[in-house]
Structures are given as C-alpha cells and as structure tokens.
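Novice: Numbering (the working numbering), first residue to last: 1019 to 1535.
Positions of the beta carbon are idealized from the N, C-alpha and C atoms, including for glycine.
Pasting a structure below so you can have a look.
Structure (structure tokens):
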C-alpha cells in the first residue's frame, strides 16, 4: 500500500487545524449574544484545544489514507474515526484527471481525481502526489482498462459475438499515441473572444461596488461624465435611462474582456492525442489539467458554433461520455456547452475529427426545420417579453416622477428578427445510424446521438404546443449533459412527425441492441 506525497502531511495538518480553531471562535461569538461578560480566557483555551485536535486529525487522516493499484481495481483505505475500504474496478473508471496549479508545478506534484461512470461526482481524490506518480496512476488505469476490453473482445470472438475488427485493434494498441489536434495561438484567440461565460458578468457587477481607491474613483468619474447618477438622491428617470445606456454596455464589455482572458488562460497549450481507445487532453497556463475521454463510452457528439465562431468559419467539438464530462467545470466548456475535445478550429477540421469518432456525414444537408407556425410562437413569446420591458419602464417613470417611458417601445423592434433567427437555427434529421438535433442562435449546437446510445426517447407537449399542433422530442442519453439539463431535443416540431420519430428511434434502438446481442 502507498501513501500520498509527504507534503500532504503538513498541508492537511494546517487545513484541519484552521477548521479546529474556527469552531470555538464561532461558538464563542454565538454565546456572546446570550451570555454577557463571557470570559475571553475560555476562547483562548478552547481555541488552543481546537487547534491541536484539528492538527492531530489532519495528521491521522494522512497516515490512514493508503492506496494500491491491484490487478483488478484501485484499492483505497481511508478514514480516521470510521474506516472505509473501497475497490474501484478498472472497468468502471471513466477518467483519471490530473490538475497542477503553479505551486504544485513548482513542487513537482499534482492532484489526481478518479471518476466513474456512475455520475458526475468524483469517486476518489489523491490530493497531493508526485508528477511521476500521477502519470503512473493514469498509465496503469489506462493499460488495465484496455486489457479488460481486449479480454472481452477475445471472449466475444470465441463465442461468435459480432465484435468488430476496429474495436479489437483499438483495444490491442493501448500503448500507441497519435497527435490529433493542437490549439494554435490564432485558434486560442478565436475561442477566447467567441465564447462568453455568464459568470463573468455577475463578477463584474458585484466587484465594482467593492473597488477601493483610484480604480473606484475612476469608475465614478467615468459614469458621472455621462450624467449617470452615482447616488439615489440624483436618481431620475432620464438619468436612470442614461445609466442603462452607458453603464449597461460598459459592464457587458468589461465582463466580455474578463471572460476572454479567462478562456485564453484556461485553454492555453491545449493538445489532444489518441492513446489506444482513449482521447487524452491537456490544457491550461496557470493550472495544467490532463484527462482522457474513453471512446468506448461516447454518448453524444456536439458541434458548438457560437455566433462569432460561425461568422469566422470556426466551430468547437464536444464529446459527452456515460455519466461523466471530461473536465467537469464550466471553464473547460465550449461556451456554455459540454467540455471540449476541440475548443476552436476551422469548421471542416472540426467536423473531420468528429467523423473519426462517429461517422455522421454532412451536417448542413437535409437538416429539417420546424414548421413555420413555430416562428409565430417565438414572435409571440418575445413580444410578451418586450411588453414586460415597456411595463417596467412605465412603472419606473411613475415611481421617479415622470419621464419618457415610451422609449421602451424600441424593445419591440427585434421581436420579429429574433423569432426568425431562432427558427432558422433549429433543425433535426433521423439518419441511418444517428439522430441529428440542432438549436440555438448565439451558441448554435448540433448534437449527434447514435441510436444505440439512447436511454429513453420521449415526447412532450405544453398547452401552447398542443394548440399549434407542435411537440418536442427528447433524446435522453446517459451523458452528463443530459444529467445537467442540456438534453438533445427536437423542439417545436410537428406533432405527427414527433410520433413518427419516436417510433423510428425505438425501432432502430431495438435493432442495434439485438445486433449487439
């Protein structure tokens, strides 16, 4: 059995010591509201005790954490008060991710996370191992997982099962490595400036009021120069309108720049290689991430085309596997979509790599749009939104003593163009081996779902859809995008067509399941 890197010992001791110190401080603060003249000596005594107990627990947690890469599973023994033993079979391991921030890279260490196919949660974390040990864990898991697949293939051959030569070749070549994609600086710039993370907007909005000193003064002077109110006493409807026109775009632009910088730092040095039956990626300037995408468990391919990328002729490729997203966090995603195998590349290069994983053919030809009646539905929906803006404008003018509330009628101008663009960028097509589903204007995403990966196919009809003879077909797979709510779906298609597609998907799923048996 092995233990974690020795540096883990002082780090755990310090972390748990801080937690142990925090408990008596919190308790003292709460009791001080109930008991007057609470002696401070008790705080020092309990604080010292909490500090010692916390540090002792941290040391014990290090000494009691042991692991081993056995022949069939990753074995982990941990726990101080309650002992826990876990065996994670190699066949259940979905991915082994490593993460190295600047400090860990200087120290030659890494964090290793073991993910399984049971969901998006991390099954085991090795919070401080050497870089060599992290690479050994990844290599051993990959090799033994490939060995298990090879044995399964050989058993299938012996029993006459229809195991393909391509799968057999992939599982027998786990040591081979092929470079598939490397993100250039130009492509990195396209990715960074084509994607927007909504969290950046919230960060800017909440960070500006907390700024102190020269920076906050510069912001106030900039706003005041345009007549934007800097206090409630100065607030009128006209000034509020100026503030919306000036501060709104400025805030969005600042968030956009922050998001671009964050994306560039997160995806700097992105490389994608194929090792046997896995795709291996690495990326990041300050924090270096590595991980793998098991091709045998691919559920859905997604081609993401944010509007700026689309204009420039670029696209991103995302791969979802069973119950797990490689990368997990939003900074590893193409815009707000799933984690990327290709952050940004010329559209033909992106599609060519996608076809090597799933041969889905041409994505533009014969993709069918919803009925035109759906466009009326979108126009009505956006008109209601514009009416809400107009009502808010009128209420604000009334509360602030009058003003040109009618300027909010401009919100109706984009209603028809927005409805048309939404309708234009939606589509679906049932092909021989895949279901192709597309939606989105700002971040157009085309999902390619193999029939054999479908978990359930369902039809839903809201009250408004029933009145217009429309329905939504949902293609539910075991991927983490499904678990997170980004379900591939054909939205607002003809109800009879939804029934036909529902039956077709069930039929082709059963055919492929029967062929697999």
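Can you look up residue 1213 in the DSSP assignment and give me helix, strand or coil?
Specialist: Residue 1213: coil per DSSP, three-state reduction.
Novice: Between the Cα of residue 1319 and those of 1224, 1453, 1329, 1256, spot the shortest distance and give me the residue it belongs to.
Specialist: Nearest of 1224, 1453, 1329, 1256 to residue 1319, Cα basis: 1453.
Novice: Where DSSP assigns a beta bridge to residue 1107, which residues make up the other side?
Specialist: Note: residue 1107 sits in a beta bridge opposite 1091.
Novice: Count the CB pairs spanning the stretch 1214 to 1223 and the stretch 1265 to 1276 that are closer than 8 angstroms, and state whether there are at least three.
Specialist: With a cut-off of 8 angstroms, the stretch 1265 to 1276 and the stretch 1214 to 1223 count as touching, because enough Cβ pairs lie within range.
Novice: Around the C-beta of residue 1099, are 16 or more other C-beta atoms found within 10 angstroms, so that it is buried, or is it exposed?
Specialist: Per the 10 Å Cβ criterion, exposed.
Novice: How would you call residue 1285, buried or exposed, if buried means at least 16 neighbouring beta carbons within 10 angstroms?
Specialist: Buried is the call here.
Novice: Return the CA-CA distance between residue 1517 and residue 1299, expressed in angstroms with no decimal places.
Specialist: About 40 angstroms.
Novice: Does DSSP classify residue 1494 as helix, strand or coil?
Specialist: Strand at residue 1494.
Novice: Tell me the DSSP secondary structure of residue 1438 in three-state form.
Specialist: Residue state, collapsed to three classes: helix.
Novice: Would residue 1048 be called buried (16 or more neighbouring beta carbons within 10 Å of its own) or exposed?
Specialist: By the 10 Å Cβ count, residue 1048 comes out exposed.
Novice: Is it a yes or a no for the stretch 1117 to 1132 touching the stretch 1306 to 1319, going by three-plus beta-carbon pairs under 8 angstroms?
Specialist: The stretch 1117 to 1132 vs the stretch 1306 to 1319: in contact.
Novice: Spatial neighbours of residue 1197 within its chain, please: C-beta separation below 6 angstroms, excluding the five flanking residues on both sides.
Specialist: If we look at residue 1197 and ignore the five residues flanking it on each side, its Cβ neighbours are 1291.
Novice: What is the residue span of the beta strand (DSSP E) that residue 1145 lies within?
Specialist: It spans 1140 to 1148 - the beta strand (DSSP E) in which residue 1145 sits, taken as one unbroken run.
Novice: For residue 1428, count neighbouring Cβ atoms within 10 angstroms of its own Cβ and tell me buried if that reaches 16, exposed if not.
Specialist: Residue 1428 comes out exposed.
Novice: I believe residue 1363 touches residue 1297 by the beta-carbon criterion, under 8 angstroms. Please report the beta-carbon distance rounded to the nearest angstrom.
Specialist: About 15 angstroms separates the two Cβ atoms, so there is no contact after all.
Novice: Give me the Cα-Cα distance between residue 1374 and residue 1337, rounded to the nearest whole angstrom.
Specialist: Whole-angstrom Cα-Cα distance: 12 angstroms.
Novice: Kindly confirm or deny that the stretch 1059 to 1070 and the stretch 1037 to 1046 touch, where touching means at least three C-beta pairs closer than 8 angstroms.
Specialist: Counting Cβ pairs under 8 angstroms, three or more are found: they touch.
Novice: Would you kindly work out how many angstroms separate the C-alpha atoms of residue 1433 and residue 1273, rounded to a whole number?
Specialist: Spanning the two alpha carbons is a distance of roughly 26 angstroms.
Novice: When you compare the stretch 1515 to 1531 with the stretch 1403 to 1410, are there three or more beta-carbon pairs, one atom per stretch, that lie closer than 8 angstroms?
Specialist: Verdict: no, contact absent.
Novice: State the start and end residues of the unbroken beta strand (DSSP E) segment that holds residue 1290.
Specialist: Unbroken beta strand (DSSP E) run through residue 1290: 1289 to 1293.
Novice: Cα-Cα, which of 1441, 1466, 1277, 1113 is closest to residue 1389?
Specialist: Considering only alpha carbons, the answer is 1441.
Novice: Identify the residues that DSSP records as bridge partners of residue 1451: which are they?
Specialist: According to DSSP, residue 1451 bridges with nothing at all.
Novice: Can you give me the start and stop residues for the alpha helix (DSSP H) that residue 1325 sits inside?
Specialist: First-last of the alpha helix (DSSP H) with residue 1325: 1325 to 1330.
Novice: Below 8 angstroms between beta carbons: does that hold for residue 1334 and residue 1377?
Specialist: Contact: no.
Novice: Compute the Euclidean distance between the alpha carbons of residue 1073 and residue 1035, then round it to the nearest angstrom.
Specialist: One C-alpha to the other measures close to 4 angstroms.
Novice: Classify residue 1038 as helix, strand or coil using the three-state DSSP reduction.
Specialist: Here residue 1038 sits in helix by DSSP.
Novice: Could you check the C-alpha separation between residue 1413 and residue 1447 for me, to the nearest Å?
Specialist: So the alpha carbons of these two residues sit roughly 46 angstroms apart.
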